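**Q**
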Amino acid sequence: MDISERNFEATIEQALLAGGPDGADAGGTVAEQPMSYGEFPAGQYRKRDYRAYDRARCLLADDVFAFLLATQPKEWYRFCQQYGGEAKERLLSRLASEVQNRGTLEVLRRGIKANGCSFRLAYFKPASGLNDELRTLYQANMFSVVRQLHYSERTNESLDVAIFLNGLPIFTAELKNPLTGQSVQHAITQYRNDRDPHEPLFALGRCLAHFAVDPTLVYMTTHLRGKATNFLPFNQGNGSAAGNPPTWEGFATAYLWERIWARDSVLDLIQYFIHLVDEEDDEGRKTGKRKLLFPRYHQLDAVRRLVGDARAQGTGQRYLVQHSAGSGKSNTIAWLAHRLSVLHDASDRRVFDSIIVITDRRVLDRQLQATVLQFQQTDGLVENIEKTSRQLQEALQSGKTIIVTTLQKFPVIAKSIEALPGQRFAIIIDEAHSSQSGEGANSLKLVLTAGSLEEAEAQESGAIDSLEDVEDSIAREMLVRKFAPNASYFAFTATPKQKTLELFGCKRPDGGFEAHSLYTMRQAIEEGFILDVLQHYTTYSTYFSLLKRVAEDPRFERHRAEYLLRTYVDQHPETIRKRVAIMVEHFHEHTAHQIGGAAKAMI
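Per the working numbering, residue 7 is the first one in the sequence shown, and the count goes up by one each step.
(1) May I have the straight-line CA-CA distance separating residue 72 from residue 171, to the nearest angstrom?
(2) Kindly indicate the opening and closing residues of the beta strand (DSSP E) around residue 329.
(3) Determine the extent of the beta strand (DSSP E) in which residue 167 is found, giving its start and end residues.
(4) State the start and end residues of the unbroken beta strand (DSSP E) segment that holds residue 294.
(5) Nearest-angstrom Cα distance between residue 421 and residue 299?
(6) With distance defined between alpha-carbon atoms, name the residue in 542, 410, 258 nearest to residue 243.
(7) Can you say whether residue 548 is buried or exposed, counting buried as having 16 or more other CB atoms within 10 angstroms of its CB?
(8) Kindly list the residues whose CB is nearer than 6 Å to the CB of residue 18, restricted to its own chain and excluding five residues on each side of it in sequence; keep chain order.
(9) In the DSSP assignment, find the beta strand (DSSP E) that holds residue 52 and state where it starts and stops.
(10) Looking only at its chain, what residues have a beta carbon closer than 6 Å to the beta carbon of residue 146, apart from the 5 residues adjacent to it on each side?
(11) Tell me the rounded alpha-carbon separation between residue 570 and residue 505.
(12) Within its chain, find whatever has a CB closer than 6 Å to the CB of residue 593; leave out the 5 residues flanking it on each side and keep chain order.
(13) How many Å lie between residue 346 and residue 132 at the Cα?
(14) Are residue 364 and residue 411 touching if we call contact CB-CB under 9 Å?
(15) How big is the Cα-Cα spacing for residue 497 and residue 565?
(16) Tell me the rounded alpha-carbon separation between residue 13 and residue 184.
(17) Do residue 329 and residue 335 count as a contact pair if the criterion is CB distance below 9 Å?
(18) I need the straight-line Cα distance from residue 357 to residue 337, nearest angstrom please.
(19) Taking residue 338 as part of the alpha helix (DSSP H), name the residues at either end of that continuous run.
(20) If we count Cβ pairs, one from each stretch, closer than 8 Å, do we get three or more for the region 235–249 versus the region 97–113?
(21) Can you confirm whether the region 50–70 touches the region 83–99 when touching is taken to mean that 3 or more C-beta pairs between the two stretches lie within less than 8 Å?
(22) Identify which residue in 148, 400, 434, 424 has its Cα closest to the Cα of residue 413.
(23) Tell me which same chain residues have a C-beta within less than 8 Å of the C-beta of residue 26, skipping the five on either side of it?
(24) Return the chain-ordered list of same chain residues with a C-beta closer than 7 Å to the C-beta of residue 602, the five sequence neighbours on each side being excluded.
(25) Less than 7 Å between C-beta atoms, sequence neighbours within five positions excluded: which residues of the same chain meet that for residue 39?
(26) Can you find the residues in the same chain that come closer than 8 Å, C-beta to C-beta, to residue 190, ignoring five residues on each side of it along the sequence?
(27) If you drop the 5 nearest sequence neighbours on each side, which residues of the same chain put their C-beta closer than 8 Å to that of residue 597?
(28) Which of the three DSSP states, helix, strand or coil, is assigned to residue 43?
(29) Do residue 198 and residue 155 have their C-beta atoms within less than 9 Å of each other?
(30) If you follow the alpha helix (DSSP H) that residue 307 is in, where does it begin and where does it stop?
(31) So what's residue 524 in DSSP terms, helix, strand or just coil?
(32) Can you tell me which of the three DSSP states residue 360 falls into?
(33) Residue 333: buried (16+ other C-beta within 10 angstroms of its C-beta) or exposed?
(34) Work out the CA separation of residue 89 and residue 265 for me, nearest whole Å.
(35) Do the CB positions of residue 350 and residue 317 come within less than 9 Å of each other?
(36) Counting only runs that start and end within the region 189–264, where is the alpha helix (DSSP H) found for 4 or more residues in a row?
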C-alpha cells in the first residue's frame, strides 16, 4: 500500500484528468457518488508541466492562447495585425497588468481590452439554453492542473497542486497524509510560515482560494498574510458534528476534487459566489480594505440544493434552512437571492420574476442589506424598501428583481402576490423564529401588576396563549392565504418551532419533519465560529422569604403557588438590578481586559 503524500497527489490529479485527453485509465479507483443535484460531472482537465508556468506573469501562456484561438480567432487576428511578431508578448504583458490591477475574478468576469481589441478570458454557462453559440463557447473553457508548481523567480519552492482556468491561476493546494505523520494542520502551517505572501502568486485577488487538504479534512483561505492568515473549514459536516463522513470507498475529502473542483462547479463559483467586497467596521463604515469572499461548504451546498430543487419543481414550494448562529446566514441569503434571480427551468423559462428578502427587524437589517447590494453585478438589480408600503407595492408591480424589506410589510406582500397571479415570486424569510414582542417581558409585566395569585395565574396562562411572535404571524398569514401557487418560500432559522418545521420542512418516512439544509450549533462550535457557553458558566443561588397572610390556605396547590412566587421573585426589578450589578462588576474586574481590551458583554 502506497501511503506517500505523492500518491495522494497522484490520486487527485487522476480524478481531475479523468475523461479528458490527458486522463489515464482509472479502472482501479472507486469514485464517490456524485452530488444528489448532479449538475457537475468531474474530470476533463488538462495536464501541464510546471516548466510551462510563467513565473513573472503568473500564468500558463500556452493555455491563454489556446483558449483565445478557440473562442475569439477574429479578435486575435485583429490584434496580430497591429503588433505582428510582438503580439503574444504584448498581450501577455497586458493581461498580467490587468490581473495585477483588477484581480483574476474581475478579469475572468469582464475580460480585458488591449489597443481597441476586447478579449474574454472565460465564458460562463448561459442562464438559458436558447443560444447554441454561447453553449459552445462555454464548453471551450480550458482547465489545467500542475503538480509541484515552482512559483517563485527567487527560490525553487513548489506548491503541491495548482489549478488554472484558461491559463490563469485560480486555486492552489497543499496536501498532507496522516499516514506519514502530517495532517491538514501541517498544510496550514506551511502556508502561514513557508509561503511568502509577497510572492505575486499569493497577492490578494491573484488566486481565488488556497486549500489545505488531507484525506479527512479541508481548510481554505482567500488571502495569505503570513502568520495572520485565517483558514476556514471547508467540510461537509459529519452528522451533527464537524468534519466529514468516513468512507471505505475512497478519501473522505474526495468531494473537493470530484465535486467542488469540477469544471461546471468552478465556473459557477466564479460567476455567482466569489466576490471581492469592501470590509466594514462595527459601525458599518468602510475601512478601505477589501477581502475576497468564498462560500463555506454548507453555504454553497445549501444554495445549490435549493436552486436545483426550485429549477425542477417551479413555484409553490416551501423550504427550511436551519443554520446555526455562526453560519454566515446573511451571505447565504444574498447568494440565494442572486442565484434565484437568474434561474431558468428546463424549458428556458424564468422561474421567478421577483425575489423578496424579508428580515424581521423593524429597521432594515444593515448587514443583510449591504451584503445583498455588494453581491449584485448589475446596477439597479436590488431595491431596498425602507419607507412606505406604497413603495413596496410599486416595486412588486414594476417587477423589480430583488426586493429587500421588513417583516412588518409581509401582509402587503401576501396581498400583492395574490393580486399578481401572472408573476412568480421567491420569498426569502430571514430568521423566521425571532420574536419582536418579547414573551418574557410581557409575562413579567403581567405577573408584577397582578393583584392576587389567582389573577397572576390567569394572566400568566393567558399571556402565553395570546402572544404571537414573528414565526407565529408568518404561519398564520400563510395558512390564511392558502399558499399562493405563484410563490415559493425559503425560511432561514437557527431554532425552528415544530409548526415551522411542519410548515417549511420536508417530511421524513417516519412522519417527522426536517430542514432541507442543516448546519448545527454543534458543528458551529466545533468549527470555532461560536462559543460553547456550557463550558464556562457560574451558578447563582438566590435565597428569599415570603410571608403568608393566611396560615392554612387550601385554594392553591403547593407546586403551582411556588412557581408563581418564584416567578415573582426572579422577575422583580430589585432582583434583576442586583443580578445585573454582579454581572457588570464581574465583567469590569475580570473580563474587560481580555482579547487585548476588546472584550464585550451582553446582558
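For every residue, glycine included, the Cβ atom is placed at its ideal position computed from N, Cα and C.
From a predicted model like this one, the values you see are computed outputs, not experimental measurements.
**A** Put simply:
(1) Within the sequence shown, numbered from 1, the residue matching residue 72 stands at position 66. Within the sequence shown, numbered from 1, the residue matching residue 171 stands at position 165. Taking the straight line joining both Cα atoms gives about 12 Å.
(2) Indexing the sequence shown from 1 puts residue 329 at position 323. Start and end: 324–329.
(3) One-based indexing of the sequence shown puts residue 167 at position 161. The continuous beta strand (DSSP E) containing residue 167 extends over residues 164–171.
(4) Position 288 of the sequence shown, counted from the start, is the residue given in the question as residue 294. Residue 294 -> beta strand (DSSP E) spans 292–299.
(5) What you label residue 421 is simply residue 415 of the sequence shown in a count that begins at 1. What you label residue 299 is simply residue 293 of the sequence shown in a count that begins at 1. Residue 421 and residue 299 have their C-alpha atoms some 37 Å from each other.
(6) Within the sequence shown, residue 243 is the residue found at index 237, counting from 1. Of the candidates 542, 410, 258, the one whose C-alpha sits nearest the C-alpha of residue 243 is 258.
(7) Within the sequence shown, numbered from 1, the residue matching residue 548 stands at position 542. Residue 548 is exposed by the Cβ-count criterion.
(8) Looking up residue 18 in the sequence shown gives position 12. Hits under 6 Å: 263.
(9) As a first step, residue 52 is located in the sequence shown; it is residue number 46 there, counting from the start. Note, residue 52: beta strand (DSSP E), 52–54.
(10) Residue 146 sits at position 140 when you count from the first residue of the sequence shown. Here the set comprises 76, 77.
(11) Against the sequence shown, residue 570 aligns to sequence position 564. Against the sequence shown, residue 505 aligns to sequence position 499. Rounded to the nearest angstrom, the two C-alpha atoms are 28 Å apart.
(12) The residue given as residue 593 occupies position 587 in the sequence shown. Cβ within range, chain order: 607.
(13) As a first step, residue 346 is located in the sequence shown; it is residue number 340 there, counting from the start. As a first step, residue 132 is located in the sequence shown; it is residue number 126 there, counting from the start. Residue 346 and residue 132: Cα-Cα distance of roughly 14 Å.
(14) Locating residue 364 in the sequence shown gives position 358, where the first residue counts as 1. Locating residue 411 in the sequence shown gives position 405, where the first residue counts as 1. Yes.
(15) By one-based count along the sequence shown, residue 497 stands at place 491. By one-based count along the sequence shown, residue 565 stands at place 559. Going from the Cα of residue 497 to the Cα of residue 565 covers about 39 Å.
(16) Residue numbering aside, residue 13 sits at position 7 when the sequence shown is read from its first letter. Residue numbering aside, residue 184 sits at position 178 when the sequence shown is read from its first letter. Using only the alpha carbons, I get a separation of about 13 Å.
(17) Locating residue 335 in the sequence shown gives position 329, where the first residue counts as 1. Locating residue 329 in the sequence shown gives position 323, where the first residue counts as 1. Going by beta carbons, residue 335 and residue 329 fall inside the 9 Å limit.
(18) As a position in the sequence shown, residue 357 is number 351, starting the count at 1. As a position in the sequence shown, residue 337 is number 331, starting the count at 1. Those two C-alpha atoms are separated by around 22 Å.
(19) For this step, residue 338 is matched to residue 332 along the sequence shown. 335–347 is the extent of the alpha helix (DSSP H) around residue 338.
(20) By the Cβ criterion, the region 235–249 is not in contact with the region 97–113, since fewer than three pairs of Cβ atoms, one from each stretch, lie closer than 8 Å.
(21) Yes: the two stretches touch, three or more of their Cβ pairs being nearer than 8 Å.
(22) By one-based count along the sequence shown, residue 413 stands at place 407. Out of 148, 400, 434, 424, 434 has the C-alpha closest to the C-alpha of residue 413.
(23) For the purposes of this step, residue 26 is taken as the residue at position 20 of the sequence shown. These residues qualify, in order along the chain: 49, 50, 51, 52.
(24) Locating residue 602 in the sequence shown gives position 596, where the first residue counts as 1. The answer is none, since no qualifying residue turns up.
(25) Locating residue 39 in the sequence shown gives position 33, counting from the first residue. Legend: pLDDT at residue 39 = 41, less than 50; position of this residue unreliable, value from coordinates given subsequently. For residue 39, where only same-chain residues beyond five positions count, there are no Cβ hits under 7 Å.
(26) As a working mapping, residue 190 is identified with position 184 in the sequence shown. Listed in chain order, the non-local C-beta contacts of residue 190 below 8 Å within the same chain comprise 182, 218, 219, 220, 222, 223, 224, 225, local neighbours out to five positions each way being set aside.
(27) Here residue 597 is taken as the residue at index 591 of the sequence shown, counted from 1. Contacts found: 605, 607.
(28) Along the sequence shown, read from residue 1 onward, the residue named residue 43 stands at position 37. Confidence at residue 43 is low in this model, with a pLDDT of 38, below 50, so its placement is unreliable and the value that follows should be read with caution. Coil.
(29) Residue mapping note: residue 198 aligns to position 192 of the sequence shown, counting from 1. Residue mapping note: residue 155 aligns to position 149 of the sequence shown, counting from 1. The Cβ-Cβ distance between residue 198 and residue 155 does not fall below 9 Å.
(30) The residue labelled residue 307 in the question sits at position 301 within the sequence shown. Residue 307 -> alpha helix (DSSP H) spans 303–319.
(31) Here residue 524 is taken as the residue at index 518 of the sequence shown, counted from 1. When secondary structure is reduced to three states using DSSP, residue 524 falls in the strand class.
(32) Position 354 of the sequence shown, counted from the start, is the residue given in the question as residue 360. The answer is strand: DSSP assigns residue 360 an E or B state.
(33) Stepping through the sequence shown from its first residue, residue 333 is reached at position 327. With 16 or more Cβ atoms within 10 Å of its Cβ, residue 333 is classed as buried.
(34) Looking up residue 265 in the sequence shown gives position 259. Looking up residue 89 in the sequence shown gives position 83. Looking at the backbone, the Cα of residue 265 and that of residue 89 are separated by about 42 Å.
(35) Here the question's residue 350 lines up with position 344 in the sequence shown. Here the question's residue 317 lines up with position 311 in the sequence shown. Closer than 9 Å, so yes.
(36) Taken in chain order, the complete alpha helix (DSSP H) segments of 4 or more residues contained in the region 189–264 are 190–200.
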